[in-house]
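Here's the structure we're looking at; comments come further down.
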Amino acid sequence: MNPDTASHSSTDSSTDSSTDGSTDGSPDRTGSAPEDAGSPATDGNAAYGHKKFKRSKSHFADRITADGRDGWPVEPGRYRLVVSRACPWASRALVSRRLLGLEDALSLAVADPIQDDRSWRFTLDPGGRDPVLGIRYLHEAYDARERDYPGGVSVPAIVDVPSGKLVTNDFQRITLDLATEWTALHRPGAPDLYPGPLRDEIDTVMDGIYRDVNNGVYRAGFAREQSEYEEACRDVFRRLEQVSQRLADRRYLVGDTITEADIRLFTTLVRFDAVYHGHFKCNRYKIAEDPVLWAYVRDLYQTPGFGDTVDFEHIKRHYYQVHTGINPTGIVPLGPDLDAWHSPHGREALGGRPFGDGTPPEPAATTRS
Ligand SMILES: N[C@@H](CCC(=O)N[C@@H](CS)C(=O)NCC(=O)O)C(=O)O
Numbered sequence: 279m280n281p282d283t284a285s286h287s288s289t290d291s292s293t294d295s296s297t298d299g300s301t302d303g304s305p306d307r308t309g310s311a312p313e314d315a316g317s318p319a320t321d322g323n324a325a326y327g328h329k330k331f332k333r334s335k336s337h338f339a340d341r342i343t344a345d346g347r348d349g350w351p352v353e354p355g356r357y358r359l360v361v362s363r364a365c366p367w368a369s370r371a372l373v374s375r376r377l378l379g380l381e382d383a384l385s386l387a388v389a390d391p392i393q394d395d396r397s398w399r400f401t402l403d404p405g406g407r408d409p410v411l412g413i414r415y416l417h418e419a420y421d422a423r424e425r426d427y428p429g430g431v432s433v434p435a436i437v438d439v440p441s442g443k444l445v446t447n448d449f450q451r452i453t454l455d456l457a458t459e460w461t462a463l464h465r466p467g468a469p470d471l472y473p474g475p476l477r478d479e480i481d482t483v484m485d486g487i488y489r490d491v492n493n494g495v496y497r498a499g500f501a502r503e504q505s506e507y508e509e510a511c512r513d514v515f516r517r518l519e520q521v522s523q524r525l526a527d528r529r530y531l532v533g534d535t536i537t538e539a540d541i542r543l544f545t546t547l548v549r550f551d552a553v554y555h556g557h558f559k560c561n562r563y564k565i566a567e568d569p570v571l572w573a574y575v576r577d578l579y580q581t582p583g584f585g586d587t588v589d590f591e592h593i594k595r596h597y598y599q600v601h602t603g604i605n606p607t608g609i610v611p612l613g614p615d616l617d618a619w620h621s622p623h624g625r626e627a628l629g630g631r632p633f634g635d636g637t638p639p640e641p642a643a644t645t646r647s
């Protein structure tokens, strides 16, 4: 399936719905919609901006749980998390894994930020193979799970190491389960990222942010018509304004500690000025021009477990080189300057207890990524 998961057939409404338009049995895993097959302007990566954008439903939605009710019990060392550091959805899982101290329990495979026609590949690894799964392409784990699966290949994905089968690519569920089902393997001092009493509020906040911000930037970026773009872009900034107001006098989105909601907002905000502002045309202003959001995202960036998962080079190369439908030259811009990410943010003055009764994770350099 195609990068950033465009199914190109109907309007995206809000949360994941419908299916990926995709491969009709061909080896092309970047998923061009059948009606466009054969046209160079509308195939594969070049399709971006030419086909209607729709985020697909995660097809493999089994859950890895403490009681193993779907057949996949939480076990240390059994599963491998496959990500691209470019991908905001996969990066949520990277942050959660770090905050919860799951690095040893759940190993990590990092895909090349540039997919080819067979989608995510392990060309960053020696010999072009993931050293644990022994595969060259993530689609091999999808195939091991379901032969002739007609949809796309996406990250994040969790693979069962002994069988080599994909367990889940359910990006909305994976982090919630890391927070609530993997608790036996959390590090001492791990925060509660999805506290029971706050779940309704967290869900409500995340819902609006998903629709208008996390996914809104994609709707703007892959719009094919002026009106479609304008509507999405307005949604993005309307919601950003609302969120900025909310964060003006509170350090975190819900409660006084870091929660799942902050992780989900972070992975979009950290990419905003580097890719969404230019490449996706969400350019009313930059996050760096909103004093509240800019301080908020730097606060998180400087918190162990957040900034140390971010790779701006992977992010920029992925968006600007893969989406040739909207950036035909594939030229990757030089900016923005990254020094400011480390500047003081002053958000401590708002109080808040980042890790609640817990503690921050060890700095990344001393842990296995
Ligand atoms: N699994 C979800 C969301 C995750 C997602 O969209 N991931 C993108 C990367 S940011 C992806 O892997 N797209 C497929 C591809 O790039 O080949 C979906 O299918 O919509």
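Anchor point for the sequence shown: position 253 equals 531 in our numbering, and the numbering is continuous, going up by one each time.
For every residue, glycine included, the Cβ atom is placed at its ideal position computed from N, Cα and C.
Helix, strand or coil for residue i? Go by DSSP, reduced to three states.
| i | result |
| --- | --- |
| D551 | helix |
| S385 | strand |
| Y420 | helix |
| D478 | helix |
| S397 | strand |
| R358 | strand |
| L628 | helix |
| A315 | Because A315 sits at a pLDDT of 31, beneath the cut-off of 50, its placement in the model cannot be relied upon, and the point is left open. |
| Y574 | helix |
| Y427 | coil |
| G636 | coil |
| K329 | coil |
| T289 | Note that T289 scores 27 on pLDDT, short of 50, meaning its location in the model is unreliable; the coordinates nonetheless yield the value given after this. The answer is coil: DSSP assigns T289 none of H, G, I, E or B. |
| A642 | helix |
| D282 | Reliability of the predicted coordinates at D282 is poor, the pLDDT of 45 falling under 50, and no value is obtained from them. |
| A368 | helix |
| I487 | helix |
| A672 | Nothing can be reported for residue 672, as the shown portion of the chain is limited to 279 through 647. |
| L454 | helix |
| A462 | helix |
| V410 | coil |
| V445 | strand |
| P351 | strand |
Give every residue of the same chain whose Cβ lies closer than 8 Å to the Cβ of residue i, excluding the five residues on either side of it in the sequence, and list them in chain order.
| i | result |
| --- | --- |
| P409 | D403 |
| G303 | Residue confidence is low: G303 scores 30 on pLDDT, short of 50, so the model does not pin down where it sits. No coordinate-derived value is stated. |
| W460 | I342, A344, V352, L378, L380, A383, L384 |
| D421 | Y427 |
| T458 | Y472 |
| V521 | I487, V491, L531, L543, L571 |
Among residues of its own chain, excluding the 5 on either side of residue i, which ones have a beta-carbon nearer than 7 Å to its beta-carbon?
| i | result |
| --- | --- |
| L578 | D540, F544, F584 |
| Y357 | I342, L384, I436, V437, D438, V439, V445 |
| Y495 | Checking the displayed sequence, the identity of residue 495 turns out to be Val instead of Tyr. Excluding sequence neighbours, V495 sits near V514, T546, Y554, F558, C560. |
| G634 | P469, D470, T535 |
| R549 | P366, I593 |
| A510 | G494, R497, A498, A501 |
| F401 | Per the sequence shown, residue 401 should be read as Thr rather than Phe. Excluding residues within five positions, the ones whose Cβ falls inside 7 Å are D390. |
| L454 | Y472, E538 |
| E591 | none |
| S374 | T453, L456, A457, L471, I541 |
Check each candidate in the options and name the one with the smallest Cα separation from residue i.
| i | options | result |
| --- | --- | --- |
| E424 | Y415, K443, V433 | K443 |
| I609 | L476, G603, Q599 | Q599 |
| A642 | D534, V588, I413 | V588 |
| R370 | E640, Y488, P632, E538 | E538 |
| R542 | G405, K332, S441, I452 | I452 |
| V570 | E519, F400, E506, P475 | E519 |
| G430 | D586, R502, H337, G613 | H337 |
| A419 | G406, H620, N447, Y488 | N447 |
| L359 | K329, L456, R562 | L456 |
| H601 | A501, D615, S621, G346 | A501 |
| T637 | R465, Y415, V388, D340 | R465 |
| Y563 | R512, H620, H328 | R512 |
| D568 | H623, V373, G346 | H623 |
| F449 | R576, N492, E508 | N492 |
| L416 | G533, W398, P354 | W398 |
| P606 | P614, A339, Y597 | Y597 |
| Y574 | R529, G533, E503, R375 | R529 |
| G412 | A387, S621, D485 | A387 |
| G474 | D485, P434, G533 | G533 |
Closest Cβ-Cβ distance between residue i and chain E: below 9 Å?
| i | result |
| --- | --- |
| V521 | Absent from the structure is chain E; it holds one protein chain and no more. |
Quick one: residues in its chain with C-beta nearer than 6 Å to the C-beta of residue i, no 5 flanking neighbours on either side, listed in chain order?
| i | result |
| --- | --- |
| L531 | V483, A539, D540 |
| L223 | For residue 223 there is no data in the structure shown, the boundaries of the chain being 279 and 647. |
Give the list of continuous alpha helix (DSSP H) stretches no shorter than 4 residues that lie fully inside the segment 497-568. 504-525, 538-549
Given 8 Å, three or more beta-carbon pairs between the segment 345-364 and the segment 466-486: no
Flag this pair as touching only if the segment 392-401 and the segment 474-487 have three or more C-beta atom pairs under 8 Å; answer yes or no. no
I want to know whether the segment 618-634 touches the segment 424-437 - three or more CB-CB distances under 8 Å. Touching, no, given that fewer than three Cβ pairs across the two stretches are closer than 8 Å.
Count the CB pairs spanning the segment 520-540 and the segment 341-357 that are closer than 8 Å, and state whether there are at least three. No: the two stretches stay apart, fewer than three of their Cβ pairs being nearer than 8 Å.
Please specify which runs of the alpha helix (DSSP H), each continuous and at least 4 residues long, are wholly inside the segment 571-620, giving them in chain order. 590-595
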